[in-house]
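Q:
Numbering (full-length UniProt numbering), first residue to last: 1 to 182.
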């Protein structure tokens with residue numbers, strides 16, 4: 001898995017035609033998605049032969065390049081987003097189970113001890129959903145048996161580090177990147 005190849009592949013992934021702003025649907029950029037998956041795979045060995053879940057999968061950009069994994073679930077609250085994710089995965093011949101669910105209010109107990117790694121770019125909570133990113137993160141931490149890779153605004157870093165200590169989990173900032181919202 002080469003970083004340049006990942007990013008090139010992700011340039012071809014379809015995004016939202018009509019993003020739902022209240023759900024904070026913004027496409028993760030190919031550059032950011034490639035970096036995230038490459039790091040999880042190449043540096044931490046948390047992708048290949050693992051059970052991976054993509055929380056709030058949106059159009060599926062984080063999932064699309066994951067061919068080597070054992071099993072995956074792509075979860076989202078929006079059926080339209082899941083349809084785009086299905087089409088993207090089909091286009092790239094990637095299997096996934098697509099689950100329509102509300103990650104913040106549904107019980108995720110059925111996933112507990114069944115998911116090794118969770119990847120996600122959660123809503124940041126800037127559109128009337130204050131704190132939603134932390135709910136996503138807490139749920140992911142409770143479910144993943146190995147690691148959680150999550151994208152957050154740098155302005156929330158200290159809060160996330162503090163909450164991680166409270167939750168008794170190790171937290172590491174893997175990269176700081178400038179990203180424009182698409």
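Virtual Cβ for every residue (Gly too), placed ideally from N, Cα, C.
On the DSSP letters alone, give me the boundaries of the beta strand (DSSP E) that residue 149 sits inside.
A: That run of the beta strand (DSSP E) goes 147 to 150.
Q: I think residue 75 touches residue 45, with their Cβ atoms under 8 Å apart; what is that distance to the nearest whole Å?
A: That belief does not hold up - the Cβ atoms of residue 75 and residue 45 are roughly 23 Å apart, past 8 Å.
Q: DSSP three-state call for residue 134: helix, strand or coil?
A: Helix.
Q: Alpha carbon to alpha carbon, how far is residue 134 from residue 159? Give it in angstroms, no decimals.
A: So the alpha carbons of these two residues sit roughly 9 Å apart.
Q: In the UniProt domain "Methyltransferase small" (48 to 138), which residue ranges form an unbroken alpha helix (DSSP H) of at least 4 residues, counting only runs that do not cross its ends?
A: Qualifying alpha helix (DSSP H) stretches, in chain order: 61 to 64 and 79 to 91.
Q: Please state whether DSSP places residue 6 in a helix, a strand or coil.
A: Helix, per DSSP.
Q: Could you compute how far the alpha carbon of residue 42 sits from the alpha carbon of residue 117?
A: Whole-angstrom Cα-Cα distance: 14 Å.
Q: What would DSSP say about residue 166, mapped onto helix, strand or coil?
A: It is helical.
Q: Quick check: the segment 54 to 66 against the segment 86 to 105, are there 3 or more CB pairs under 8 Å?
A: Taking 8 Å as the limit for Cβ pairs, the verdict is that the segment 86 to 105 does touch the segment 54 to 66.
Q: Residues in the same chain with beta-carbon distance under 6 Å from residue 108, minus the five sequence neighbours each way, listed in chain order, please.
A: Correct list, in chain order: 139 and 143.
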